[in-house]
Amino acid sequence: MIKAAILTISDKGSRGEREDKSSQVIREVIKEIDAETTLYSIVPDEKELIIEKLQEMKKEVDLILTTGGTGVGPRDVTPEATRSVIEKELPGYGEVMRMEGFKVTPRAIGSRAIAGIAGRCLIINLPGSPKAVEECLRVILPVIPHTIELIKGEVGECARK
Numbered sequence: 000m001i002k003a004a005i006l007t008i009s010d011k012g013s014r015g016e017r018e019d020k021s022s023q024v025i026r027e028v029i030k031e032i033d034a035e036t037t038l039y040s041i042v043p044d045e046k047e048l049i050i051e052k053l054q055e056m057k058k059e060v061d062l063i064l065t066t067g068g069t070g071v072g073p074r075d076v077t078p079e080a081t082r083s084v085i086e087k088e089l090p091g092y093g094e095v096m097r098m099e100g101f102k103v104t105p106r107a108i109g110s111r112a113i114a115g116i117a118g119r120c121l122i123i124n125l126p127g128s129p130k131a132v133e134e135c136l137r138v139i140l141p142v143i144p145h146t147i148e149l150i151k152g153e154v155g156e157c158a159r160k
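See the structure below:
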């Protein structure tokens, strides 16, 4: 069982002005890799608040999935906050999400989503829209359990047979 946290970054959502549909999509999709959401929080697009939540959550879960704040708007600071928390960046996650997203819409190249390792936790930034969350999560879903096993030192051999 993978213990997961969802951190939604949304000014409107944090004020109760918008329903958080993206976190619902995440909850459903990650069940397919035997992941259970044990923590959930929603914060405004404030870098220091995002950092604080990531620091708290990483101590209690194997996986943190953020949603929102990955675009190019002035308040989109999720990648910067994530970089402040991770020790190792995993660029392949963001690259493949943008590549697959581009097949649906050219706007996907504007995503700045990143992923990385913080302690023994995998953190992945996802977009804010429920549709984009599902598209991006589905493309990376198969590799998440293996990455978590590697982070925890539970895999001895990575070579494919």
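If you're matching positions, the sequence shown starts at 0 in numbering that gives the first Met the number 0 and goes up one per residue.
The beta carbon of each residue, even a glycine, is placed where N, CA and C say it ideally should be.
This structure is a prediction, so every number in the text was calculated from the model and none was measured.
Please return the same chain residues whose Cβ sits closer than 8 Å to the Cβ of residue i, not counting the five positions on each side in sequence.
i           : result
residue 127 : 8, 9, 21, 66, 67, 68, 69 and 70
residue 11  : 17
Look at the alpha carbon of residue i and the alpha carbon of residue j, and state the distance between them as a whole number of angstroms.
i           : j           : result
residue 149 : residue 120 : 11 Å
residue 167 : residue 125 : Residue 167 lies beyond the residue range present for the chain, which begins at 0 and ends at 160; the question has no answer from this structure.
residue 37  : residue 2   : 6 Å
residue 137 : residue 31  : 10 Å
residue 90  : residue 63  : 16 Å
residue 77  : residue 153 : 29 Å
residue 48  : residue 23  : 22 Å
residue 88  : residue 106 : 23 Å
residue 140 : residue 29  : 8 Å
residue 113 : residue 25  : 17 Å
Check whether the Cβ of residue i lies closer than 8 Å to any heavy atom of the ligand ADP, and answer yes or no.
i          : result
residue 45 : As presented, the structure is devoid of all ligands, the ligand ADP included, so that no description of it is given.
Just to confirm my understanding: we take residue i, look at its own chain, exclude 5 residues before and 5 after, and list those with CB closer than 7 Å. What are they?
i           : result
residue 85  : 115, 116, 117 and 122
residue 103 : 134
Can you name the residues that DSSP bridges to residue i?
i           : result
residue 39  : 5
residue 115 : 88 and 122
residue 149 : Paired residue(s): none; residue 149 is not in a bridge.
residue 34  : 1
residue 48  : For residue 48, which the question treats as bridged, DSSP gives no partner whatsoever.
Just to confirm my understanding: we take residue i, look at its own chain, exclude 5 residues before and 5 after, and list those with CB closer than 6 Å. What are they?
i           : result
residue 146 : 121
**Asked** Is the region 38 to 57 close to the region 91 to 102, with three or more CB pairs under 8 Å?
**Response** The region 38 to 57 vs the region 91 to 102: no contact.
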